[in-house]
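Heads up, the thing below is written out as structure tokens.
There are 2 protein chains.
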Amino acid sequence: MTALWQRQPVGIVGLGLMGGSLGLDLQARGATVRAFVHREEAAERARQRALAGEVSTDPAVLRDCGLVVLALPLDRLLAPDPGLLAALPPAAVVTDVGSVKAPVLAVWEPLLGGRFVAGHPMAGTAQAGVEAGLRGLFQGRPWVATPGDATDAEALAAVRGLAEAVGAHWLTCLAADHDRAVALISHLPVLVSAALLQTADRAGAALPQLVRALASSGFADTSRVGGGNPELGALMARSNREAVLGALAAYRQEIDALEARVEARDWDGLQTELAACARMRPEFL
Amino acid sequence: MTALWQRQPVGIVGLGLMGGSLGLDLQARGATVRAFVHREEAAERARQRALAGEVSTDPAVLRDCGLVVLALPLDRLLAPDPGLLAALPPAAVVTDVGSVKAPVLAVWEPLLGGRFVAGHPMAGTAQAGVEAGLRGLFQGRPWVATPGDATDAEALAAVRGLAEAVGAHWLTCLAADHDRAVALISHLPVLVSAALLQTADRAGAALPQLVRALASSGFADTSRVGGGNPELGALMARSNREAVLGALAAYRQEIDALEARVEARDWDGLQTELAACARMRPEFL
Chain A
1 MTALWQRQPV GIVGLGLMGG SLGLDLQARG ATVRAFVHRE EAAERARQRA LAGEVSTDPA
61 VLRDCGLVVL ALPLDRLLAP DPGLLAALPP AAVVTDVGSV KAPVLAVWEP LLGGRFVAGH
121 PMAGTAQAGV EAGLRGLFQG RPWVATPGDA TDAEALAAVR GLAEAVGAHW LTCLAADHDR
181 AVALISHLPV LVSAALLQTA DRAGAALPQL VRALASSGFA DTSRVGGGNP ELGALMARSN
241 REAVLGALAA YRQEIDALEA RVEARDWDGL QTELAACARM RPEFL
Chain B
1001 MTALWQRQPV GIVGLGLMGG SLGLDLQARG ATVRAFVHRE EAAERARQRA LAGEVSTDPA
1061 VLRDCGLVVL ALPLDRLLAP DPGLLAALPP AAVVTDVGSV KAPVLAVWEP LLGGRFVAGH
1121 PMAGTAQAGV EAGLRGLFQG RPWVATPGDA TDAEALAAVR GLAEAVGAHW LTCLAADHDR
1181 AVALISHLPV LVSAALLQTA DRAGAALPQL VRALASSGFA DTSRVGGGNP ELGALMARSN
1241 REAVLGALAA YRQEIDALEA RVEARDWDGL QTELAACARM RPEFL
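Protein chains in written order, with the working numbering: chain A, 1 to 285; chain B, 1001 to 1285.
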């Protein structure tokens, strides 16, 4: 049996990094892709880049789609445009790509019931916007779905088919577990890394040239995500506030424990902790 | 006038990453290089790799050297071997490559007076040992010297000539300033990053597979130095304890301030802080 994305057109709402990449990959696999974007300028550029077979600023472009992917920024996903809602085909399976899941389910499940599937492809680059989409973005990356109590099994299978068609590794979990996990491995690193930059800047204010001259690849790596997109960082903390606060509280315990070892000159204990980190890190790669 | 490293043989003590790389680069520039290493097995491999023109486990190999580079691990540098001390030529300029400077000056300046120059080439890879040395390691990297009150100007100039011969960018500062700066940009990142790994492991213990499956390139980068060499991490904290404690205290203030913004739902304030981080980070690269 063919998959839903093969039988009916796929709609994509938003053609940034996620939506554009999905459009390119799905078309390469033979899908018919129709996209709704907000601004005519983006629509024009998306047509030039052939991110979808049809690109429109009118949501009616979605009318024959069997599967619609909401590839919107999180803030717009959480406050959906009434024009978009009205244009979603009444029988279509609808999914999203947002980086937190409980708030998305809370908004969309009451609107669409079991045919809404909350999803999060864990793929990205530093780029955004209509120029960002690229082939193969999802290849080998996790695509997490967080079905709710009401989610239809068929709708879930339709989204799985789409994710696997673009080479992603499918997994499912509870929305709350997803949000706790991404707080630890995605949102916490942003804050940890930003605080490092602020410390080097402020505590290093007496020797500003020296700290900048001596910063090497270790500092560059540890500070990378803290120097990333500020809107996205603030939005993640906002959308996942409780899990982020939980992660920060847990993090502070670990920093305190390391500091206590330095304070107490417990060098063997410190080395034991660092050795555990060195053994553990490959599990996360 | 030719530089000291061109007029007389250069001695290197230890042929790990730093010593081996220096031996390769100096010989490529025409220097005569003689090396003293601890173990015959390492000496044999160093000869095969031609890290120096002469390699011996007898420190007498250093006898005609005008300039000796102590490329030893920090613990051995801070507790020098009496046999090595006795073999250092009485008129030679002696320098080191240790990653903290005040403790090194405190040990070596009383022993050698003005002809000891405390130095720190800020270059590295993840490798160590006799296989690690490579050409061009110092090219374009900072080489910091931290002269004390007693340091001879001629000795300082001799080490500068050596550093610039291998393409390093020479700078000088007070030992205490160097140690504070590296605490912020090199030692603090190790602890910040290690605490992140511990948090993901321990706070993520309820969902161990999920946190590991979802960790992406951001987590990989932020956790890299925390998963590095544990002996080196503990030794850095031990040798630079006060500056590391100062950096940790400053860091905790920054983490607390970010947490307070999340707690208070001050999303504009959080975004402003993250935007400052994004603007600031390129200054450190």
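Cβ coordinates follow ideal geometry from the N, Cα and C atoms, glycine included.
How many angstroms separate the CA atom of residue i from the CA atom of residue j?
| i | j | result |
| --- | --- | --- |
| A/D256 | B/A1249 | 10 Å |
| A/A79 | A/V117 | 17 Å |
| A/P82 | A/L111 | 11 Å |
| B/R1265 | B/G1098 | 45 Å |
| A/P165 | A/G133 | According to the sequence displayed, residue 165 of chain A carries Ala and not Pro. Each residue's Cα considered, the two are about 17 Å apart. |
| A/A279 | B/G1227 | The residue you asked about is not Ala; residue 279 of chain A is Arg in the sequence shown. In a straight line, the C-alpha of A/R279 is about 7 Å away from that of B/G1227. |
| B/P1089 | B/E1109 | 16 Å |
| B/M1122 | A/A247 | 34 Å |
| A/F284 | B/A1213 | 7 Å |
| B/V1262 | B/L1270 | 7 Å |
| B/G1124 | B/H1038 | 22 Å |
| B/E1092 | B/L1015 | Before going further, note that residue 1092 of chain B is Ala rather than Glu in the sequence given. Computed Cα separation, rounded: 19 Å. |
| A/R115 | A/D96 | 12 Å |
| A/T199 | B/L1258 | 12 Å |
| A/G204 | A/H178 | 37 Å |
| A/G119 | A/L188 | 21 Å |
| A/V10 | A/V94 | 10 Å |
| B/E1054 | B/R1047 | 7 Å |
| A/L274 | B/Q1209 | 22 Å |
| A/R202 | A/V192 | 15 Å |
| A/Y251 | A/A175 | 22 Å |
| B/Q1231 | B/R1141 | At residue 1231 of chain B the sequence reads Glu, which differs from the Gln that was named. So the alpha carbons of these two residues sit roughly 24 Å apart. |
So is residue i in contact with chain B if we call contact Cβ pairs under 8 Å?
| i | result |
| --- | --- |
| A/G226 | yes |
| A/D201 | yes |
| A/Q271 | yes |
| A/G204 | yes |
| A/S21 | no |
| A/V144 | yes |
| A/P230 | yes |
| A/F219 | yes |
| A/R39 | no |
| A/A175 | no |
Assuming residue i is part of the alpha helix (DSSP H), what are its boundary residues?
| i | result |
| --- | --- |
| A/I12 | Looking at the DSSP string, A/I12 is not in any alpha helix (DSSP H); the run it does join, the beta strand (DSSP E), is 10 to 13. |
| A/F219 | 217 to 223 |
| A/H178 | 175 to 182 |
| A/E44 | 40 to 48 |
| A/V68 | It is not in any alpha helix (DSSP H) - A/V68 instead sits in the beta strand (DSSP E) that spans 67 to 70. |
| B/R1261 | 1241 to 1263 |
How far does the beta strand (DSSP E) with residue i in it reach, from first residue to last?
| i | result |
| --- | --- |
| A/D96 | 93 to 96 |
| A/H169 | 169 to 172 |
| B/G1119 | 1119 to 1121 |
| A/E54 | 54 to 56 |
| A/R76 | Taken as a continuous stretch (DSSP letters only), A/R76 belongs to no beta strand (DSSP E), being part of the alpha helix (DSSP H) at 74 to 78. |
| A/V144 | 142 to 145 |
So, does the CB of residue i fall closer than 8 Å to a CB anywhere in chain A?
| i | result |
| --- | --- |
| B/M1122 | yes |
| B/C1065 | no |
| B/E1164 | no |
| B/W1267 | yes |
| B/F1284 | yes |
| B/D1075 | no |
| B/S1216 | yes |
| B/P1056 | The residue asked about is misnamed: residue 1056 of chain B is Ser in this sequence, not Pro. So no, B/S1056 is outside the interface. |
| B/M1018 | no |
| B/P1147 | no |
| B/R1160 | no |
| B/P1110 | no |
| B/D1291 | The requested residue 1291 of chain B does not occur in the structure, where chain B is confined to residues 1001 to 1285. |
Kindly examine the ligand MG and report whether one of its heavy atoms sits closer than 7 Å to the Cβ of residue i.
| i | result |
| --- | --- |
| B/A1091 | Absence of the ligand MG from the depicted structure is noted, as is the absence of any ligand whatsoever, leaving it without description. |
Next on the checklist: Closer than 8 Å is the cut-off here; do at least three beta carbon pairs connect the stretch 161 to 173 of chain A with the stretch 1138 to 1158 of chain B?
Outcome noted: Touching, no.
Item to check | Near-chain A residues of the stretch 1186 to 1200 of chain B (beta-carbon distance less than 9 Å), N- to C-terminal order | outcome: Taking a C-beta cut-off of 9 Å against chain A, the contacting residues of the stretch 1186 to 1200 of chain B are S1186, L1188, P1189, V1190, L1191, V1192, S1193, A1194, A1195, L1196, L1197, Q1198, T1199, A1200, listed in chain order.
Checklist entry - Can at least three beta-carbon pairs, one atom from the stretch 1203 to 1222 of chain B and one from the stretch 210 to 224 of chain A, be found at a separation below 8 Å? => result yes
Checklist entry - Looking at chain A, which residues of the stretch 1077 to 1101 of chain B have a Cβ within less than 9 Å of any of its Cβ atoms? => result none
Checklist entry - Is the stretch 1235 to 1247 of chain B touching the stretch 224 to 239 of chain A, taking contact as three or more C-beta pairs under 8 Å? => result no
Checklist entry - Okay, do the stretch 1018 to 1025 of chain B and the stretch 1134 to 1149 of chain B touch, 3+ Cβ pairs below 8 Å being the bar? => result yes
Checklist entry - Is the stretch 1032 to 1039 of chain B close to the stretch 1055 to 1064 of chain B, with three or more CB pairs under 8 Å? => result yes
Item to check | Selection of the stretch 232 to 243 of chain A by Cβ proximity to chain B, strictly under 7 Å | outcome: G233, A234, A237, R238, R241
Item to check | Cβ contact check for the stretch 4 to 24 of chain A and the stretch 68 to 77 of chain A: 3 or more pairs under 8 Å | outcome: yes
Checklist entry - Counting Cβ pairs, one atom from each stretch, are 3 or more of them under 8 Å apart for the stretch 153 to 163 of chain A and the stretch 1175 to 1187 of chain B? => result no
Checklist entry - Of all the residues that make up the stretch 1245 to 1262 of chain B, which are near chain A by a beta-carbon distance shorter than 9 Å? => result L1245, G1246, A1247, L1248, A1249, A1250, Y1251, R1252, Q1253, E1254, I1255, D1256, A1257, L1258, E1259, R1261, V1262
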